[in-house]
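Engineer: Have a look at this one before I ask anything.
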Amino acid sequence: MRRSLAIASAAAAVSVAAGAPLHAQGSMVDQQSACMAARAGAGVALPCDDGSSVWFNPAGMAMSPSAIAVGVALVRAGNTFTYDPGMAPTSDNTIEREDATVPVPQAYVNFRASERLAVGVSALAPYGLGLEWDVCPATTPRCSTTNFEGRFTGYDNQLRGFYIQPTVAYQVIPGRLSVGAGLDYVMGKIDVSRRQFGPETVGLGRTEVADVNLQGEGTGWTYHLGGMLKLGEGAYLGARYLGSAEVDLDGDATFDPVKTGNDPVDAVIAAGLPKDQGVGSTLTFPSQVVVGVGARVHPRINLMGDFQRTHWSSFDVLPVEFETAAPDTLVLGYNDANTFRLAADFQATDALVVRAGFRYNEAATPRATPLLPEGERNYYSLGLGYRLTRALSTDFSFQYINQPPREGAVLPGGPRAGIYESRGMVFNFTLAYRFGGAAEQP
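Note that the numbering used here has the sequence shown beginning at 566, numbered continuously upward.
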């Protein structure tokens, strides 16, 4: 029983880590600027001049004024799971995960060292997961409140991916072609909790016997590239590539017994549980490529369209290493997925800009689970940008996220048990200061 519990608990933890980097798709958070979020993320060919081009297209730094910006995205989301008829283990046919709001901060600096050269840095969290389902406490696992079966897959799961991006950009052909590149220092952290079934061989296959927690953190490096080309009067082409980042995680796994109410059985279970031990894995944040076009169709109107491919298949196989148990390999089966974006800017007055955008995401996971009740999504965005002074501006945006209901399982490796429904919205705020004031697009 000792090895089976260790393997299962660590496997669940790595599953969460792998699933988390899937909110744009799953839990990738690309609302890293209120200006860009108002466009639903579109604008790799015409990035906003608030400093956020360090992330969205580093080549845009060489075409934008020196700027410093700080912002925050407030991501609010919740989920509901409804069992198929006859599948619910109790009279609770509908399980609700209450809406929760998570702040995601970001900061940018872009400095134009010369007419053609720019340097900058960003600090942001493009990946994050926070999912918590209601379950009974381990001391009273048969309480009268909701005790969702999904606890055996994962009931309290957190993941953070934080990037620091020193970047340089240069106008190869002044006013026409620019390129940008930088390094990414990546910090990853996970905190996962789940319940564990007892072994079938002693008749405990449907009884929870352990509460398992895993915490781990680590660092890694990757890189990003970008290019911008002016095709003609008012027409632009842009591209960005972000490399995959391997983060070696080191942490600890703890195993606490869950009371069955039978003292002799509880004693056997407690004696058979693994000792708290170290555990490690490699978390790979996926690579992504974005290409897009932009057009100034009117002195006051810009139109933009992007296509993004994210290589989630890097999660297909993951190794798990234990301090005292034999290693294991986890097969997850994630799929590469596409994102499509459309957006428009309207300069209503000299000080006020109105923005709108739409985004469609394909699902990256083969099916919804309690760890990641993800599916294809539509995003609808609106925003306002207001110039307080010649140099100081503020942006606000709102995104509504629509995800159609999706079938899924609740138990690890289990069959379809019902339908997941997700709801979400994102509020963004950015304050930016442009040294020397705003610059016209070349």
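Ideal placement from N, C-alpha and C gives every residue a C-beta, glycine not left out.
Can you tell me whether DSSP reads S987 as helix, strand or coil?
Structural biologist: Residue state, collapsed to three classes: strand.
Engineer: Would you give the residue range spanned by the alpha helix (DSSP H) that P509 belongs to?
Structural biologist: No information on residue 509 is available, as it lies outside the stretch 566 to 1007 that the chain covers here.
Engineer: In the DSSP output, which residue or residues are listed as bridge partners for T647?
Structural biologist: DSSP lists T659 and I984 as partners of T647.
Engineer: DSSP state of R716, grouped into three classes?
Structural biologist: In the structure shown, R716 sits in a helix (DSSP, three-state: H, G or I).
Engineer: Quick check on the DSSP output: what are the complete beta strand (DSSP E) runs of length 3 or more inside the stretch 920-979, in order along the chain?
Structural biologist: As far as the stretch 920-979 is concerned, its whole beta strand (DSSP E) runs of at least 3 residues are 942-952 and 957-973.
Engineer: Quick one: is the Cβ of C708 within less than 8 Å of any heavy atom of the ligand FMN?
Structural biologist: Although the ligand FMN was asked about, the structure shown includes no ligands whatsoever.
Engineer: Mapping the DSSP letters down to three states, classify T995 as helix, strand or coil.
Structural biologist: T995 falls in the strand class under three-state DSSP.
Engineer: Quick one, which of F992, L790 and E939 has its alpha-carbon nearest Q968's?
Structural biologist: Taking only the C-alpha atoms, the option nearest Q968 is E939.
Engineer: For W786, which three-state DSSP category applies?
Structural biologist: Here W786 sits in strand by DSSP.
Engineer: Is the stretch 770-784 close to the stretch 607-626, with three or more CB pairs under 8 Å?
Structural biologist: No: fewer than three Cβ pairs fall under 8 Å.
Engineer: Between which two residues does the beta strand (DSSP E) containing P630 stretch?
Structural biologist: Segment: none, P630 is in no beta strand (DSSP E) and carries neither H nor E.
Engineer: Please go through the same chain and pick out, in chain order, the residues whose beta-carbon is closer than 6 Å to the beta-carbon of R716, but skip the five residues on each side of it.
Structural biologist: Same-chain partners within the cutoff: V700 and R760.
Engineer: So, are the CB atoms of F820 and L838 less than 9 Å apart?
Structural biologist: Contact: yes.
Engineer: From this set, K840, M793, V684 and Q730, which residue's C-alpha is nearest V737's C-alpha?
Structural biologist: Taking only the C-alpha atoms, the option nearest V737 is M793.
Engineer: Please say whether G950 and L917 have beta carbons closer to each other than 9 Å?
Structural biologist: Contact: yes.
Engineer: Quick check on DSSP: helix, strand or coil for V579?
Structural biologist: Residue placement at V579 is flagged as unreliable, the pLDDT there being 34, under the threshold of 50; a coordinate-derived value is accordingly withheld.
Engineer: Using the beta-carbon count (16 or more within 10 Å), is N993 buried or exposed?
Structural biologist: So N993 counts as buried.
Engineer: Please state whether the Cβ-Cβ distance between V619 and Y673 is less than 9 Å.
Structural biologist: Taking 9 Å as the Cβ cut-off, V619 and Y673 qualify as a contacting pair.
Engineer: Return the CA-CA distance between K840 and S958, expressed in angstroms with no decimal places.
Structural biologist: Looking at the two C-alpha atoms, the distance is approximately 55 Å.
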